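Position 87 of the sequence shown, counted from 1, bears residue number 87 in the UniProt record's numbering, the numbering being contiguous throughout.
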Amino acid sequence: MPPSSAGALAPLPYPVAVVDCETTGLSSEDEILELAVVLLDAQLRVETTWTSLIRPAGGVGATHIHGIREEDVAQAPSFRGVAGELASLLDGRLLAAHWARFDARFLAQECARFHVKLPSHESWTLCTCEHARTVFPDLDSHSLARCAEHCGIEHQYRHSALGDALATAELLRALHQRVPFDCHALHPLPWAELVGSVQPAEAPLSRYAWTHGGSCE
Numbered sequence: 001m002p003p004s005s006a007g008a009l010a011p012l013p014y015p016v017a018v019v020d021c022e023t024t025g026l027s028s029e030d031e032i033l034e035l036a037v038v039l040l041d042a043q044l045r046v047e048t049t050w051t052s053l054i055r056p057a058g059g060v061g062a063t064h065i066h067g068i069r070e071e072d073v074a075q076a077p078s079f080r081g082v083a084g085e086l087a088s089l090l091d092g093r094l095l096a097a098h099w100a101r102f103d104a105r106f107l108a109q110e111c112a113r114f115h116v117k118l119p120s121h122e123s124w125t126l127c128t129c130e131h132a133r134t135v136f137p138d139l140d141s142h143s144l145a146r147c148a149e150h151c152g153i154e155h156q157y158r159h160s161a162l163g164d165a166l167a168t169a170e171l172l173r174a175l176h177q178r179v180p181f182d183c184h185a186l187h188p189l190p191w192a193e194l195v196g197s198v199q200p201a202e203a204p205l206s207r208y209a210w211t212h213g214g215s216c217e
């Protein structure tokens, strides 16, 4: 997929992987149910996207929020099954998310299930929620939906991992244009070294016939 054609920004020191997780709940016992990654170059232009439903060990949780049913994930890969492919996407990149500590915590919880320990998220993540509080201190809410609306960003398919990740990628760029992110203390994790050898590999399964720039069916 070709990079987006938007104007250049002051580049970050590393390319970025914008990540969004839909989960079965909020506790340490809950699991990732859907995962999306939007890869950006160092000037925050979209390179490609990836998404998959994830089959949890337990139930799917709050279907009324994320819209995912038990039957949707019955044939989906486990997190372990996509961990190697995910590692190849994230390797060498900073991870960005809206409320990054949440997504990083769930990635860490899933990795811990196969005995991979991730370091504290502060050293390898960018958080659009925290940065939005700096850029827009008087905004009535710093939710992804409200920040996107404030910046004139179309936020389609809310509470789908790819819809939220695409909106976060645009928000990241909009915030960086206003107040550049300070990345001097950040370094990408060696994902390929940490997770890349995890087996077995399973094919990802999207809930949509959807690619960046296409339609959600």
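All residues carry an ideal CB built from backbone N, CA and C; glycine is no exception.
Keep in mind it's a predicted model, so treat the numbers as computed, not measured.
DSSP, reduced to helix, strand and coil, places D182 outside both helices and strands of the structure shown, so it counts as coil. Along the segment 59 to 122, the beta strand (DSSP E) occurs as fully enclosed runs of 3 or more residues at 94 to 97, listed in sequence order. Note that the C-beta distance between V198 and A96 is not below 9 Å.
Spatial neighbours of C127 in its own chain (CB-CB distance under 8 Å, excluding positions within 5 residues in sequence) are listed in chain order as A96, A97, H98, W99, A100 and R101. Exposed is the label assigned to S120, since fewer than 16 other Cβ atoms lie within 10 Å of its Cβ.
A76 is a Cβ neighbour of L53, given a cutoff of 9 Å.
For the options P56, H131 and P13, the alpha carbon positioned closest to that of E22 is the one of P56.
In the three-state reduction of the DSSP assignment, V198 falls in the coil class, being assigned neither a helical nor a strand state.
Taking C-alpha positions only, T63 is separated from L9 by approximately 39 Å. Assignment of C127 by DSSP, reduced to helix, strand and coil, places it in the strand class. Between L118 and L12, the CB-CB gap reaches or exceeds 9 Å. A Cβ-Cβ contact shorter than 9 Å links W50 with L39. In the DSSP assignment, E149 falls within the unbroken alpha helix (DSSP H) covering L144 to H150.
Pairing S206 with V73, the inter-Cα distance amounts to about 10 Å.
By DSSP's assignment, V19 forms a beta bridge with V37.
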